[in-house]
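Numbering (my numbering), first residue to last: 17 to 272.
Where a beta carbon is used, it is the ideal one built from N, C-alpha and C, also for glycine.
Following: one structure in structure tokens, then a few remarks.
In structure tokens:
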């Protein structure tokens, strides 16, 4: 359950940046998402964003709702800060505070020039014998799960291969173009870029785990729309199959 919720959180793509020091006026962007299992609401996510001339910081919140709260309460607060480099956002620090019921786990990752220099997880988890460990090679030239799914307007969205590290797991998200679709929500109406997305686990997971194998063999879909105020493409819709049914992530607000 923890892995599934954290995977959804990563794929939702927190498109929001909180204030940072910058040489010019910062530009703000706000987005909110509803997450459902079929027609049943299961979670909400919200993000606020600001870009400076060369720096950025993304912050957001995620909380379970509806039927999930009957079983357990899941919430998360996450932030990432870094710099804009060419057609990518390059993280310098990523943090996730994840709560499942009474349990809390904190992930803190430091990056330099796209490489992970330090990871701390508190409390430190106990790993099973079939755990696939993350190697030093796995931590080279990687993206965080938030800004990894935000693209400057002149960047190629898909096809693309995104090497993601979230403080525990190293995965590739392989994006393949599927055309365009019209999308409308509060703050946005227009064309969205549609990508097929394939999940490729690399390390930092329990080998043979059924939900990992299911995601690995299943095609997902994600839509990106241009946020005019900050001149980036970010997710507005995602469809993620699970053994319990389709999970849908939909932007209900996209912009101030």
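| Asked | Found |
| --- | --- |
| Are the stretch 181 to 197 and the stretch 262 to 269 in contact at 8 Å, needing three or more beta carbon pairs? | no |
| How about the stretch 164 to 171 and the stretch 236 to 251: do they share at least three Cβ pairs that are nearer than 8 Å? | yes |
| Provide the residue span of the alpha helix (DSSP H) that contains residue 229, from first to last. | 226 to 233 |
| Would residue 216 and residue 190 qualify as a contact pair, given that the criterion is a beta-carbon distance under 9 Å? | yes |
| With a 10 Å radius around its C-beta and 16 neighbouring C-beta atoms as the bar for buried, classify residue 170 as buried or exposed. | exposed |
| May I ask you to report which of helix, strand or coil DSSP gives residue 154? | helix |
| Mark residue 94 as exposed unless 16 or more other C-beta atoms lie within 10 angstroms of its C-beta, in which case mark it buried. | buried |
| Report the CB separation of residue 82 from residue 112 in whole angstroms; it is logged as a contact under 8 Å. | Wrong, their Cβ atoms sit about 23 Å apart, outside the cutoff. |
| Report the rounded CA-to-CA distance for residue 206 versus residue 268, giving the unit in angstroms. | 14 Å |
| As an exercise, report each continuous beta strand (DSSP E) stretch of at least 3 residues that is fully enclosed by the stretch 150 to 200, in chain order. | 176 to 181 |
| Is the stretch 128 to 144 close to the stretch 207 to 214, with three or more CB pairs under 8 Å? | no |
| Do you know how far the Cα of residue 255 is from the Cα of residue 90? | 20 Å |
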